[in-house]
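Heads up: the protein sequence lines correspond to chains L and G, in order. All residue numbers for the first sequence refer to the working numbering, where the first residue is 1 and numbers rise by one. All residue numbers for the second sequence refer to the working numbering, where the first residue is 1001 and numbers rise by one.
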Amino acid sequence: MTGSPYLRIRSVQKSYKGSVALHDIDLDVEQGAFVSLLGPSGCGKSTLLQILAGLLEPDRGQIQLDGADITNLPPWRRNIGLVFQNYALFPHLSIRQNVRFGLDMLGMGRVEAEKRVDESLEMVGLDPSLSRRPGELSGGQQQRVAIARAIAIRPRLLLMDEPLSNLDAVLRHKVRLELRELHDRTGITTIMVTHDQAEALATSDRIAVMQSGRILQYEAPETLYGAPATAFIAGFVGSPPANLLPLTASGPDNWTLADGQVWQPAAVLAPKANGAQSGRACLIALRPETLTIGTSGDGGLPARVAAVEFNGGDRLVHAETGGTRITVRIAASQAIASPDILLFPPQQAPVLFDATTGTRL
Amino acid sequence: MTSRFGKAMLLAAVVATLLFLLAPILVLILSAFDSGNVFRFPPRVLSFRWFETALNHSEYRSSLWISTVLGLISTVIAVGLASLAAFGLVRGKPSYRLAMEVLLLAPLTLPLVVWAIALLSIYAQLGINGTLPGLILAHVTITMPFATRIMIAAFDEIDPNLEAAAKSLGASPWQVVRRITLPLARPGLLSSMAIAFLVSFNDVVVTTLIAGAGWITFPVRTFSRLRTEGIDPTTIAIGAMIVAFTILVIVLGQRLFQLSRRF
């Protein structure tokens, strides 16, 4: 990487009344990237977004945007667009006036501002002649207005706080695609806060997974999915997420499951090949779509089918092994003849975590 | 059948309540058009005689003038201070918010007479008894609890994200107040001004004690006349005019408000 990144967050800390919301956050965002801050509620993602917007002051640390230190710049001088979960449209202004608000603050002339309003509304797929109040629009339309208002000022950074969570499931799917398309058209560096991993995977160039005020992993969606840094991420990302099967090394070649069952897997999955000393308690991450089901063969995990879900294009098999529920995705055409099956993990280096710390082995 | 009976009962209850509340106004307006020398109801001979007397009565005219000016000045001061206090409590979210809200309501907890006597002794020390500034200060004191209460509710209803959004769009704190907060607080501002003005305009107790003989407001003059000469039909006519004026203001205000919402 050459030169300094477009947005550079260094050692940012924030506490509320003694409880730490953000520990020492470092994050770099390249110009034009779409980045998601992903995590459960209370992980600090919204706090970080508010600090970027200038609505909250960090206790320590520095934020640089486009080479300039903006840590102490008030929000109205940052030129950073903000889209709220509840849209926060000004109810006393018309839709056009909402979109024009930021342009009026810039002191832009009438003709130019009106033109920019037209452009921005068209950009989000709204009719610029819409002469209604925000309260008369549907949730999806209000959200478009909120985005048009934020991009009208041609912001240096677009921040979105859970922009899809107030929409119904069908619309959410459609709009997340539109968000990505809009980003690709405008090229505005975008940071989205979300608790929905599917949303983050679908839209982002990079995802920062956060938990308890820390960034656990900051990677491209593919890396996050294939090589999660912690057991928490493996069990959080994916729909359904990875299965986490607890096992303890009971020799160089075999594992003991939670119920005492001994499993002798293929060599690449054995404790010896993964540097697990005898007695080491681990979690193995098994992606539902990488597992295969068979009835005979070496290295299989004996399991018992509890339920099968038909999802149209595929089936989800829920089976019990070693006292743990495991989900397997199989083709819809594949049938399960008997409830007693063998599960075969892929023959490649497994994703293993330490059972107590949750970190990668 | 029961639902029809229920509806009839509801209607009867509504009519009875409205009558109970509005009967004094009806009596007032109808008797104002009577020609008799004393207050009587129902009126017998229609005339505008007491309206003429009222309009020509210099004492009532000056009292009405004093009441109006006093009401307007104390309303502006009380609502201004109340808005600042309410905004600070709602947006600043201090840990003592609840305690402060209760304290700001304190003037309502004591009988007005007790409050007036206390004010009287304080103002005597300050040397502002019987002066217009003293009277304005006293009226600000008794109107502020209402104004504060209403403004707290008004600001509580404004989503803080709206102000944050405006800031992110480049609005300075002052522009946020002018373009977002105040317009959204306008219904609250109007009702707190109306209530403050009415409380000030109608006050007898505090004004009697603080104002002395210098600043006799309309209700104080009416009340003192009532005690010396009984019910004066002139005051009835003035009362009717005040009611008419109030209705006019409300109707006009409603119209203007709707117009302003549409455009």
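Each residue gets a CB set at the ideal place from its N, CA and C atoms; glycine is no exception.
If you run the structure through DSSP and keep just helix, strand and coil, what is residue i?
i       : result
G:D1159 : coil
L:S41   : coil
L:D66   : coil
L:V305  : strand
L:R325  : strand
L:N243  : strand
L:D28   : strand
L:P350  : coil
L:L342  : strand
G:F1263 : Low per-residue confidence applies at G:F1263: pLDDT is 45, beneath 50, and the placement is therefore not dependable, though the value from the model is reported in the following sentence. In the structure shown, G:F1263 sits in coil (DSSP, three-state: anything other than H, G, I, E or B).
L:K272  : helix
G:V1114 : helix
G:Y1123 : helix
G:D1034 : strand
G:V1220 : helix
L:D104  : helix
G:L1046 : strand
G:L1055 : helix
G:L1104 : helix
G:N1225 : The sequence shown places Arg at residue 1225 of chain G, rather than the Asn named in the question. G:R1225: helix per DSSP, three-state reduction.
L:R10   : strand
L:W76   : helix
L:R315  : strand
L:T356  : coil
L:F90   : coil
L:A335  : coil
L:L361  : coil
L:V409  : Nothing can be reported for residue 409 of chain L, as the shown portion of chain L is limited to 1 through 361.
G:F1197 : helix
L:R287  : coil
L:G61   : strand
L:I330  : strand
L:F232  : helix
L:F310  : strand
G:T1215 : It is Trp, not Thr, that sits at residue 1215 of chain G in the sequence shown. Three-state DSSP puts G:W1215 in coil, outside helix and strand.
G:N1129 : coil
Can you tell me the Cβ-Cβ gap for residue i and residue j, rounded? I've got them flagged as a contact below 8 Å.
i       : j       : result
G:T1075 : G:M1151 : At roughly 13 Å, the Cβ-Cβ gap does not stay under 8 Å, so G:T1075 and G:M1151 are not in contact.
L:I191  : L:L157  : 7 Å
G:G1071 : G:S1200 : 4 Å
G:A1196 : G:V1079 : 6 Å
L:V83   : L:P5    : The pair is not a contact, with the Cβ atoms about 23 Å apart (cut-off 8 Å).
L:Q13   : L:R60   : 4 Å
L:I25   : L:A53   : Rounded, the Cβ-Cβ distance is 15 Å, inconsistent with contact.
G:I1066 : G:W1215 : 6 Å
L:A152  : L:R116  : 6 Å
Name the DSSP bridge partner or partners of residue i?
i       : result
L:S36   : L:M192 and L:I207
G:G1006 : Paired residues: none, contrary to the question.
L:V237  : Looking at the DSSP assignment, L:V237 forms no beta bridge with any residue, so it has no partner.
L:Q217  : L:V209
L:E320  : L:R304 and L:R325
L:V83   : L:M160
L:W263  : L:W255
L:S15   : L:V20
G:I1250 : BP columns for G:I1250 are empty, so no partner.
G:T1208 : Answer by DSSP bridge pairing: none, since G:T1208 is not bridged.
L:T248  : L:T256 and L:A281
L:T292  : L:F344
Nearer than 7 Å: is that true of the beta carbon of residue i relative to any heavy atom of the ligand ATP?
i     : result
L:I95 : Among the components of this structure there are no ligands whatsoever, and the ligand ATP is therefore not found.
Would you please verify whether the beta carbon of residue i is less than 8 Å from any beta carbon of chain B?
i       : result
G:D1159 : Given the protein chain composition of this structure (L and G), no chain B is represented.
- Of all the beta strand (DSSP E) runs that stay within the bounds of the stretch 113-194 of chain L, which reach a length of 3 or more residues? List check, beta strand (DSSP E) in window: 157-161 and 190-194.
- Item | Cβ pair count under 8 Å reaching 3, the stretch 1025-1039 of chain G against the stretch 1202-1212 of chain G | Fewer than three Cβ pairs drawn from the stretch 1025-1039 of chain G and the stretch 1202-1212 of chain G lie within less than 8 Å of each other, which leaves the two stretches out of contact.
- Query: Are the stretch 190-210 of chain L and the stretch 249-264 of chain L in contact at 8 Å, needing three or more beta carbon pairs?
  - Reply: No, they do not touch.
- Task: Identify every run of the alpha helix (DSSP H) within the stretch 1138-1187 of chain G, keeping only runs that are complete inside it and at least 4 residues long; order them along the chain.
- Result: Runs of the alpha helix (DSSP H) inside the stretch 1138-1187 of chain G: 1160-1168 and 1173-1176.
- Message: Using a Cβ distance threshold of 8 Å, determine whether the stretch 267-281 of chain L contacts the stretch 321-340 of chain L, with at least three qualifying pairs required.
- Response: No, they do not touch.
- Message: Tell me whether the stretch 1225-1232 of chain G and the stretch 1151-1161 of chain G touch, counting them as touching only if at least three CB pairs, one residue from each stretch, are closer than 8 Å.
- Response: Too few Cβ pairs lie closer than 8 Å, so no.
- How do the stretch 11-24 of chain L and the stretch 43-57 of chain L stand: do at least 3 beta-carbon pairs fall below 8 Å, yes or no? Yes, the stretch 11-24 of chain L is in contact with the stretch 43-57 of chain L.
- Query: Hey, is the stretch 119-131 of chain L in contact with the stretch 63-77 of chain L, meaning 3+ C-beta pairs nearer than 8 Å?
  - Reply: In the pairwise beta carbon analysis, the stretch 119-131 of chain L is classified as not touching the stretch 63-77 of chain L: fewer than three pairs are separated by under 8 Å.
- Query: Are there three or more Cβ pairs, one per stretch, closer than 8 Å when the stretch 1095-1110 of chain G is compared with the stretch 1174-1190 of chain G?
  - Reply: Segments in contact, no.
- Item | the stretch 1243-1253 of chain G contacting the stretch 1035-1047 of chain G, beta-carbon criterion three pairs below 8 Å | Too few Cβ pairs lie closer than 8 Å, so no.
- At a cut of 8 Å, does the stretch 1118-1129 of chain G reach the stretch 1052-1064 of chain G through at least three beta carbon pairs? At 8 Å Cβ cutoff, the stretches do not touch.
- Query: Hey, is the stretch 265-274 of chain L in contact with the stretch 238-254 of chain L, meaning 3+ C-beta pairs nearer than 8 Å?
  - Reply: Yes, the stretch 265-274 of chain L is in contact with the stretch 238-254 of chain L.
- Query: Should the stretch 340-360 of chain L be regarded as contacting the stretch 1002-1009 of chain G, the criterion being three or more beta carbon pairs within less than 8 Å?
  - Reply: With contact defined as three or more Cβ pairs closer than 8 Å, the stretch 340-360 of chain L and the stretch 1002-1009 of chain G are not in contact.
- Touch test, the stretch 1136-1155 of chain G against the stretch 82-98 of chain L, Cβ-Cβ under 8 Å, three pairs minimum: In short, these stretches do not touch, since the Cβ pair count stays below three.
- Query: Would the stretch 32-43 of chain L and the stretch 201-214 of chain L be scored as touching if the rule is three or more Cβ pairs under 8 Å?
  - Reply: Yes, since at least three Cβ pairs between the stretch 32-43 of chain L and the stretch 201-214 of chain L fall closer than 8 Å, the two stretches touch.
- With a cut-off of 8 Å, do at least 3 Cβ pairs link the stretch 87-96 of chain L to the stretch 138-153 of chain L? Touching, yes, given that three or more Cβ pairs across the two stretches are closer than 8 Å.
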